[in-house]
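What follows is one structure encoded as structure tokens, with my remarks underneath.
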């Protein structure tokens, strides 16, 4: 038997990034093949060159051995090479909560999906805009219309149709039609709508049930930039933050920014620990998730009449009033007490749980409980601030309440309870950043404050795929057109929709101008409502206010020159920079006295500092006038950090005589009277009496950052 060499090669898919599309007149695909021939020989190229990116940037993906990878790493035309990783999805009243009502003024001249959803109907839409260059290549059983104007799919599936629900939910949150009288089995009843219902949608399906491959993500960026999109909403991310040159989302969004396209990205769902946000580069608009006034609760009533309140989206009504309780640890003979207490898979004995409500010490006990014949489950989690959709009668209690329930169970001869269907209630304090929302400090660029902003990401009802179970548990056989989800994935399209709304009124504004407008007009967050007392590391500049962002007065525009200097600070040499920017002239300046990251023209200011230094930080910024032609702005510094920090703004008055005029200023931060501990924050506000342009200034002790790494 003869075995092909291609079958015995130990290979992985690698992405080879080569920068911008060069000006030379030659085929990039042929160039990519030629480079591969140098390292693997003529016979293997066609089999192992999996994709060429040639429209919006210069890169390719290929199946490579470790030896071939090492050879390509040293190639003179390569900026970086890295394995294609699997990224994960980071899974209406919310718009009203932001101060963005349905009847807001609109500029109707400009303004992965289940296509049949009412949220994506093209009723009343005119012809597809002439600027659109993309195809409708949605594959099997996918049809575009005048609302969904483009579609592409990249992974192993054969269609851009949404079979998971995530794509429909996020797309309708950003730009879905106005659909009245929707609910999830009567819960959260109201009107579903996106920020800009008149906006068109293009679908780029890069994810499947396993996750989202980076080589597919880069293909979607390559296509979408060339197709002519205005805003990219990217609700996915890596498990851990990555350096720019090894991060597909950072690379793709960088080239989108060069073409004036704003990329909005979810901050991540690993927020139980500091430094977890994976959306770290300054050209990404990084979004945290926070609450609205609505909270969905699911109560239980114990046999002794005691009532407890948990969080769950529970649509089931139990036929009776008092059902026997059993604890997971008392329902097994094969598992350790710890595993059984948590209702681990295969631990629960059917004869011991059938017809009973099971108590489980972890939320992942829901599936084993449901498949073992239990009629309901009561579980607990350390951070109980999210109501997840459950597949049968269930609720999630805070740990202290769960312990009270266990004490009742152990002290009662015939303990019983019933689980009530969920109901909506009003939260006393909102917005509060979700416990799961990934937080700073920024591990890759410590002096760029991330996330940038927060938006509604809890208990969001929006369109959903009827082919997907509404809960994350596969035994759930229900089918719905609208579902309630939580995550930074849900917050991201809120900001993307708000950005689209701003762009509909200001089509000539750059991506950074739109981002600045939304950041500097954001609501200041109440620091007492921050779960972990990490303040701006949770919510950035604050909570979005789309209407106020239409008229910010001044904006911080980040220009190409700013990004050049930013990359220079990461020791990219001139040769590499010229590959990234696609020219032969880009050069790092020789000004060694300038902190090139802290001088990046960004709407927020952040720095890791040595507390022993008398001058803690210095920032240089430039503001562009987009408000009144003749206007004078005065600087004011406020916030709890004013006792700890001395802030000097020079000049402290900026006078403008024309629109688009630019004025620069310097902020110097020195130690104040108070004791600088872990973190200190103030707000810099420029005001002309009409506009308020607010930026957070956050300083963080450098040795504390090192301890948490």
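In the working numbering, the protein residues as written are -1 to 707.
Where a beta carbon is used, it is the ideal one built from N, C-alpha and C, also for glycine.
Here the structure is a predicted model, which means the values were calculated and not measured.
Return the bridge partner residues of residue 454 from the DSSP annotation. Looking up residue 454 in the chain shown gives position 456. Looking at the DSSP output, residue 454 bridges to 288.
Are the beta-carbon atoms belonging to residue 47 and residue 210 less than 8 Å from one another? Locating residue 47 in the chain shown gives position 49, where the first residue counts as 1. Locating residue 210 in the chain shown gives position 212, where the first residue counts as 1. No, they are not a contact pair.
Mind checking residue 285: buried by the 16 CB within 10 Å criterion, or exposed? Position 287 of the chain shown, counted from the start, is the residue given in the question as residue 285. It is buried - the Cβ of residue 285 has at least 16 other Cβ atoms within 10 Å.
Under 8 Å, do residue 495 and residue 193 count as touching if we go by C-beta distance? Taking the first residue of the chain shown as position 1, residue 495 is located at position 497. Taking the first residue of the chain shown as position 1, residue 193 is located at position 195. Against a cut-off of 8 Å, the Cβ pair of residue 193 and residue 495 comes out as a contact.
Could you name the residues that DSSP lists as bridge partners for residue 269? Along the chain shown, read from residue 1 onward, the residue named residue 269 stands at position 271. DSSP lists no beta-bridge partner residue for residue 269.
Can you give me the C-alpha to C-alpha distance between residue 123 and residue 16, rounded to a whole angstrom? As a first step, residue 123 must be located in the chain shown, where it is residue number 125. As a first step, residue 16 must be located in the chain shown, where it is residue number 18. If you take the alpha carbons of residue 123 and residue 16, they lie about 41 Å apart.
Straight-line CA distance for residue 358 to residue 389? Position 360 of the chain shown, counted from the start, is the residue given in the question as residue 358. Position 391 of the chain shown, counted from the start, is the residue given in the question as residue 389. Distance between the alpha carbons of residue 358 and residue 389: 15 Å.
Run through DSSP, which three-state label would residue 500 get? Walking along the chain shown from the start, residue 500 turns up at place 502. It is helical.
Element boundaries [alpha helix (DSSP H), containing residue 251]: Here residue 251 refers to the residue found at position 253 when the chain shown is read from its first residue. Start and end: 246 to 256.
Leaving out five residues before and five after residue 49 in sequence, what residues of the same chain have Cβ atoms less than 7 Å from its Cβ? Working through the chain shown from its first residue, we reach residue 49 at position 51. In the same chain as residue 49, and ignoring 5 residues on each side of it, the C-beta atoms closer than 7 Å to its own belong to 58, 59, 213 and 217, in chain order.
Rounded to the nearest angstrom, what separates residue 132 and residue 33 at their Cα positions? On the chain shown, position 134 is the one that residue 132 refers to. On the chain shown, position 35 is the one that residue 33 refers to. Note on geometry: alpha-carbon atoms of residue 132 and residue 33 lie some 29 Å from one another.
With residue 262 and residue 242 assumed to form a contact (beta carbons below 8 Å), what rounded beta-carbon distance in angstroms separates them? As a working note, residue 262 is residue 264 in the chain shown. As a working note, residue 242 is residue 244 in the chain shown. Actually they are not in contact, since the Cβ atoms of residue 262 and residue 242 sit about 18 Å apart, beyond 8 Å.
Cβ-based burial, residue 296 [other Cβ within 10 Å; buried from 16]: For the purposes of this step, residue 296 is identified with residue 298 of the chain shown, where counting begins at 1. By the 10 Å Cβ count, residue 296 comes out buried.
Entirely within the stretch 539 to 620 and at least 3 residues each: give me those beta strand (DSSP E) ranges in chain order. If we require 3 residues or more, the beta strand (DSSP E) runs fully inside the stretch 539 to 620 come out as 603 to 607.
Can you tell me whether residue 3 is buried or exposed? The criterion is at least 16 other CB atoms within 10 Å of its CB, across all chains shown. Indexing the chain shown from 1 puts residue 3 at position 5. Since pLDDT at residue 3 reaches only 40, below the 50 mark, its modelled position is unreliable, and no value is offered.
Less than 8 Å separating the beta-carbons of residue 172 and residue 117? Numbered from its first residue, the chain shown carries residue 172 at position 174. Numbered from its first residue, the chain shown carries residue 117 at position 119. Their beta carbons are not under 8 Å apart, which means residue 172 does not touch residue 117 by this criterion.
Residue range of the beta strand (DSSP E) that residue 722 falls in? Nothing in the structure corresponds to residue 722, since the chain is present only between -1 and 707.
Considering just the uninterrupted stretch of the beta strand (DSSP E) at residue 414, what are its terminal residues? Start at 1 with the first residue of the chain shown, and residue 414 comes out as number 416. Counting along the chain, residue 414 sits inside the beta strand (DSSP E) bounded by residues 414 to 417.
State whether the stretch 189 to 203 contacts the stretch 144 to 154, with contact taken as three or more CB pairs (one from each stretch) at a distance under 8 Å. Yes: at least three Cβ pairs fall under 8 Å.
Inter-stretch contact at 8 Å, needing at least 3 Cβ pairs: the stretch 299 to 309 / the stretch 461 to 471: Short answer: they don't touch.
Between the stretch 580 to 588 and the stretch 414 to 434, do three or more beta carbon pairs fall short of 8 Å? Counting C-beta pairs closer than 8 Å gives fewer than three between the stretch 580 to 588 and the stretch 414 to 434, which falls short of the contact rule.
Since residue 482 contacts residue 182 with CB under 8 Å, what's their CB separation in whole angstroms? Here residue 482 refers to the residue found at position 484 of the chain shown. Here residue 182 refers to the residue found at position 184 of the chain shown. With 8 Å as the limit, residue 482 and residue 182 qualify as a contact, their Cβ atoms being about 5 Å apart.
Count the other CB atoms, across all protein chains shown, that sit within 10 Å of the CB of residue 440; report buried if there are 16 or more and exposed otherwise. The residue you call residue 440 lines up with position 442 of the chain shown. Here residue 440 is buried, its C-beta having at least 16 other C-beta atoms within 10 Å.
Mark residue 394 as exposed unless 16 or more other C-beta atoms lie within 10 angstroms of its C-beta, in which case mark it buried. Taking the first residue of the chain shown as 1, we reach residue 394 at position 396. Its Cβ being crowded by 16 or more others within 10 Å, residue 394 is buried.
Under the three-state reduction of DSSP, which class applies to residue 44: helix, strand or coil? Translated into positions along the chain shown, residue 44 becomes position 46. Residue 44: helix per DSSP, three-state reduction.
If I'm right that residue 642 touches residue 670 with Cβ under 8 Å, what's the distance once you round it to whole angstroms? For the purposes of this step, residue 642 is taken as the residue at position 644 of the chain shown. For the purposes of this step, residue 670 is taken as the residue at position 672 of the chain shown. With 8 Å as the limit, residue 642 and residue 670 qualify as a contact, their Cβ atoms being about 5 Å apart.
Expected contact under 8 Å - CB spacing of residue 493 and residue 279 to nearest Å: Here the question's residue 493 lines up with position 495 in the chain shown. Here the question's residue 279 lines up with position 281 in the chain shown. That pair is no contact at about 16 Å.
Please look up how many angstroms separate the CB atoms of residue 499 and residue 180, rounded, as I've assumed it's under 8 Å. As a first step, residue 499 must be located in the chain shown, where it is residue number 501. As a first step, residue 180 must be located in the chain shown, where it is residue number 182. 21 Å between Cβ atoms; not a contact.
Closest by CA to residue 574, which one among 634, 18 and 347? The count along the chain shown starts at 1 and reaches residue 574 at position 576. Looking at the Cα atoms, 18 is the closest of the given residues.
Through-space distance from residue 308 to residue 405, alpha-carbon basis: As a first step, residue 405 is located in the chain shown; it is residue number 407 there, counting from the start. As a first step, residue 308 is located in the chain shown; it is residue number 310 there, counting from the start. Straight-line Cα distance between these residues: approximately 17 Å.
Alpha carbon of residue 609 to alpha carbon of residue 699, nearest angstrom: The sequence position of residue 609 within the chain shown is 611, counting from 1. The sequence position of residue 699 within the chain shown is 701, counting from 1. For residue 609 and residue 699, the gap between their C-alpha atoms comes out near 6 Å.
Have a look at residue 91 and residue 178 and give me their C-alpha separation to the nearest angstrom. Mapped onto the chain shown, residue 91 falls at position 93. Mapped onto the chain shown, residue 178 falls at position 180. Low confidence applies here, because residue 91 scores a pLDDT of 45, under 50, leaving its location unreliable; read the following figure in that light. A straight line joining the alpha-carbon of residue 91 with that of residue 178 spans about 12 Å.
Considering only the beta carbon of each residue, do residue 342 and residue 356 sit closer than 8 Å? Position 344 of the chain shown holds residue 342. Position 358 of the chain shown holds residue 356. 8 Å or more divides the Cβ of residue 342 from the Cβ of residue 356.
Straight-line gap, residue 228 to residue 407 (C-alpha atoms, nearest Å): As a working note, residue 228 is residue 230 in the chain shown. As a working note, residue 407 is residue 409 in the chain shown. Looking at the two C-alpha atoms, the distance is approximately 57 Å.
Since residue 69 is in the alpha helix (DSSP H), which residue starts that stretch and which ends it? Counting from 1 along the chain shown, the entry for residue 69 is found at position 71. Run containing residue 69: 64 to 71, per the alpha helix (DSSP H) assignment.
Which of helix, strand or coil DSSP assigns to residue 689: Counted from its first residue, the chain shown places residue 689 at position 691. The three-state reading of DSSP puts residue 689 in coil, since its state is none of H, G, I, E or B.
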